[in-house]
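In full-length UniProt numbering, the protein residues as written are 1 to 106.
We treat Cβ as the ideally placed atom computed from N, Cα and C, and that holds for glycine.
Structure first, then comments.
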Amino acid sequence: MTTPPALAWGAARAFVTASETGAHYVWLVEQVNRLLGPDYRRALAQTRHRVVYPRHYDARLTEADAWRIRLERVLERRPHLVGELRELFVQVDSRLASSVPDWRGA
């Protein structure tokens with residue numbers, strides 16, 4: 001993940017997948033709040049609701065795209081967060097890889 005757009009997309013997919021699982025979500029929502037603030041914490045809570053109780057067949061993709069846009073904007077405005085967001089992505093990816101079948105192939 002070398003570019004901010006690639007990081008934003010990878011993190012977005014990871015955030016949405018983690019939002020579907022109880023333990024990962026509880027951990028991630030606190031990490032998002034710490035790194036990005038309460039507005040993003042609320043957005044993650046809304047994402048969880050939308051993917052756990054989907055109204056549309058493409059809820060996961062829609063939420064991932066919304067997070068990609070959010071994270072790209074964050075990285076444009078606050079480029080100093082690239083390293084911390086990358087580290088958070090690595091942690092989420094590792095957690096998902098150990099508990100969600102085919103996470104990396106999804």
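With a cutoff of 8 Å on beta-carbon distance, LEU85 and ALA11 are scored as near each other.
With three or more CB-CB distances shorter than 8 Å, the segment 51 to 61 counts as touching the segment 13 to 32.
Of the residues ARG60, LEU44, LEU75, GLU87, the one whose Cα lies closest to the Cα of PRO4 is LEU75. Taking a C-beta distance under 8 Å as the contact criterion, ALA8 and LEU71 qualify as a contact pair. Per DSSP, PRO54 lies in no alpha helix (DSSP H) segment and is marked neither H nor E. Here PRO38 carries a helix assignment [DSSP, helix/strand/coil].
Under the DSSP assignment, TRP9 falls in the alpha helix (DSSP H) whose first and last residues are 4 to 19. Comparing alpha-carbon positions, the option among GLU20, LEU35, GLU30 lying closest to LEU81 turns out to be LEU35. Between GLU63 and THR47, the CB-CB gap stays under 8 Å.
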